[in-house]
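In what follows, a single structure is set out as structure tokens and then discussed.
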Amino acid sequence: MRFNNRGPDWERDAVLLDEKGNVLVDYSGGTSNVGKPYTTRREDLRFPLRVKGNQVGMLIVRGRPSEPSFEQSETALLWRTLSGLLFPIGFISFFTGLMTVVIGLVLMRRVVSPLVDVIAAAQLVAAGDLSTRVQVKGRGDLRDLSESFNRMADSLERNDLDRRAMLADVAHELRTPLTILRGRLEGIIDNVYPADEEHIAPVLEETYMLERVIDDLHLLSLAEARQLHFDLAQVDLGESARHAVDLFEMAASEKNIKLKVDVENDLPTVSADGQRVEQVISNLLNNAIQYIPAQGEVIVDVKRTAHGVAVSVSDNGPGVPDDDLPKLFDRFWRAEKSRARSSGGAGLGLAIARQLIEAQGGMIRASNVPGGGLKITFELKSNTI
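In this note's numbering, the protein residues as written are -13 to 371.
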């Protein structure tokens, strides 16, 4: 009896044993082992023979010693199968790894490229090129980073332009009194003018003007840098307005200008620095008196608002073009560029007023009065409303 499965490598023979393990039949054709105990081998396949549950014998299927065992044949088949799959598995693994690297590089470029642009732009800004901007790329945080950088660069460039403009304005403002001082003093030294009070007094007046400009510039720089100290207290703006008007009565009467103050009854107090508030009102009064013609009128109005108390200083002068109203609070700005300093001042009063009011949490604005004139209004919040 021969067994053949999947080719000659699987050819086997069989032995039939009795219940005691002795050889009954050797299907290989030999008779020498019949009746003798059978010695099993590792590669034998054993199949018990049972009758009604009792084992009556055993069928042994064995391979020839020169042939591979059943387990060895199965191992060879498994190896051949795995060898056939090795190339496609390796190719798939290589392709997957390659695609992972490519996708990673693409994603890295999308992430790193905006960062590289921002770093390069930051280096240019640090070197002094404040006009540098980055192209807004990507989404989410990367886009926010690019937009934030551009806003920062805009602010730096704007501040630099303001600084340059301020230096130019300061140089211009100081040049005029210094020129007058030098001319007067040289004239006195050269005996062109006598060294009397008539010719020395204008020199002294110009030094006072220089001192006021320098003091105003110092105050303005402190206010803009938020380094100005405020002694906050509960302030009655009505009383502050009356006191400021009293201080300017003489200056107004010299130009035949009528000063009027109108204060609403039972006004709440505001949290502010009383001295700084009076300084603002004084700046507004001084500005109005300087710019309106003789026999004009200046009205100070103090009244309650929805959130606090508002103080308005209005005049019946020529007013300001609507397009120029926002410029009123810029330093060194004058409605008439050719205005003489003797009538126009240094152009710092309204800039200082804005900084002082905004630093105390208030707001200030300018508007034209119907029929002619300019009105400056500031408002401070009250804690009792």
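Even glycine gets a Cβ: it sits at the ideal position worked out from N, Cα and C.
{"Query": "Per-residue DSSP class, three states only, for Leu342", "Result": "helix"}
{"Query": "Inter-residue spacing [alpha-carbon to alpha-carbon] between Lys244 and Ser268", "Result": "16 Å"}
{"Query": "Counted within 10 angstroms of its Cβ, other Cβ atoms place Tyr24 as buried (16 or more) or exposed", "Result": "buried"}
{"Query": "Span separating the alpha-carbon of Ser373 from that of Glu365", "Result": "Outside the shown range of the chain, which is -13 to 371, sits residue 373, and nothing can be said about it."}
{"Query": "Backbone CA spacing between Val249 and Leu116 [nearest angstrom]", "Result": "49 Å"}
{"Query": "Inter-stretch contact at 8 Å, needing at least 3 Cβ pairs: the region 251 to 267 / the region 189 to 201", "Result": "no"}
{"Query": "Ile278 and Asp301 closer than 8 Å at C-beta", "Result": "yes"}
{"Query": "Reduced DSSP secondary structure (H/G/I, E/B, other) of Gly43", "Result": "strand"}
{"Query": "Length of the line joining the Cα atoms of Gln213 and Leu205", "Result": "10 Å"}
{"Query": "Alpha helix (DSSP H) segment containing Ile243, residue limits", "Result": "Per DSSP, Ile243 belongs to no alpha helix (DSSP H) and is neither H nor E."}
{"Query": "The region 156 to 170 in contact with the region 121 to 137 per 3-pair CB rule at 8 Å", "Result": "no"}
{"Query": "Ala106 versus Val120: straight-line alpha-carbon distance, rounded", "Result": "9 Å"}
{"Query": "Local Cβ density within 10 Å of Ile78, reported as buried at 16 or more and exposed below that", "Result": "exposed"}
{"Query": "Neighbour-count burial assignment, Leu147, 16 or more Cβ in a 10 Å radius", "Result": "exposed"}
{"Query": "Leu3 versus Phe80: straight-line alpha-carbon distance, rounded", "Result": "56 Å"}
{"Query": "C-alpha gap between Pro312 and Leu342, whole angstroms", "Result": "17 Å"}
{"Query": "Cβ neighbours of Leu373 in the same chain (closer than 7 Å, five flanking residues each side left out)", "Result": "Residue 373 falls outside the range modelled here, since the chain spans only -13 to 371, and no answer is possible."}
{"Query": "Supposed close pair Ile46, Arg36 - CB separation, criterion 8 Å", "Result": "Not a contact, Cβ separation roughly 15 Å."}
{"Query": "Among Asn369, Pro304, Asn272 and Ile285, the one whose alpha carbon lies nearest that of Leu336", "Result": "Asn272"}
{"Query": "DSSP-derived helix/strand/coil call for Asn177", "Result": "coil"}
{"Query": "Neighbourhood of Ser355 by C-beta distance below 6 Å, restricted to the same chain and skipping five residues each side", "Result": "Note that residue 355 is Val in the sequence shown, not Ser. Once the five neighbours on either side are set aside, the close Cβ partners of Val355 are Ser300 and Lys361."}
{"Query": "Contact set for Glu5: own chain, Cβ-Cβ below 7 Å, skip 5 residues either direction", "Result": "Gln41, Val42 and Gly43"}
{"Query": "Contact set for Lys367: own chain, Cβ-Cβ below 8 Å, skip 5 residues either direction", "Result": "Val256, Ser257, His293, Gly294, Gly347 and Gly348"}
{"Query": "Own chain partners of Gly377 with C-beta closer than 8 Å, once the 5 adjacent residues on each side are dropped", "Result": "In this structure the chain extends from -13 to 371, so residue 377 is not present and cannot be described."}
{"Query": "Cβ-Cβ distance between Leu223 and Val286 below 8 Å", "Result": "no"}
{"Query": "Distance, Ala112 Cα to Glu240 Cα", "Result": "55 Å"}
{"Query": "Exposed unless 16 or more other CB atoms sit within 10 angstroms - verdict on Gly282", "Result": "buried"}
{"Query": "Range of the contiguous alpha helix (DSSP H) that encloses Asn272", "Result": "Gly260 to Tyr277"}
{"Query": "Helix, strand or coil at Gln281 [DSSP, three-state]", "Result": "coil"}
{"Query": "Integer-rounded CB distance, given that Gly260 should sit under 8 Å from Ala219", "Result": "6 Å"}
{"Query": "Whole-number beta carbon distance between Val288 and Ala390, since they are thought to touch under 8 Å", "Result": "In the structure displayed, the chain extends from -13 to 371; residue 390 sits before or after that span and is not available."}
{"Query": "Close-in-space but distant-in-sequence residues of the same chain around Ser52 (CB under 7 Å, 5 per side omitted)", "Result": "Residue placement at Ser52 is flagged as unreliable, the pLDDT there being 47, under the threshold of 50; the coordinate-derived value follows with that caveat. If we look at Ser52 and ignore the five residues flanking it on each side, it has no Cβ neighbours."}
{"Query": "Bounding residues of the alpha helix (DSSP H) (the contiguous stretch that carries Val199)", "Result": "Glu183 to Glu210"}
{"Query": "Residues that DSSP places opposite Gln220 in a beta bridge", "Result": "Ser257"}
{"Query": "Asp12 burial status per 10 Å Cβ neighbour count (16 or more: buried)", "Result": "buried"}
{"Query": "CA-to-CA distance, Ile175 to Ala181, given in whole angstroms", "Result": "8 Å"}
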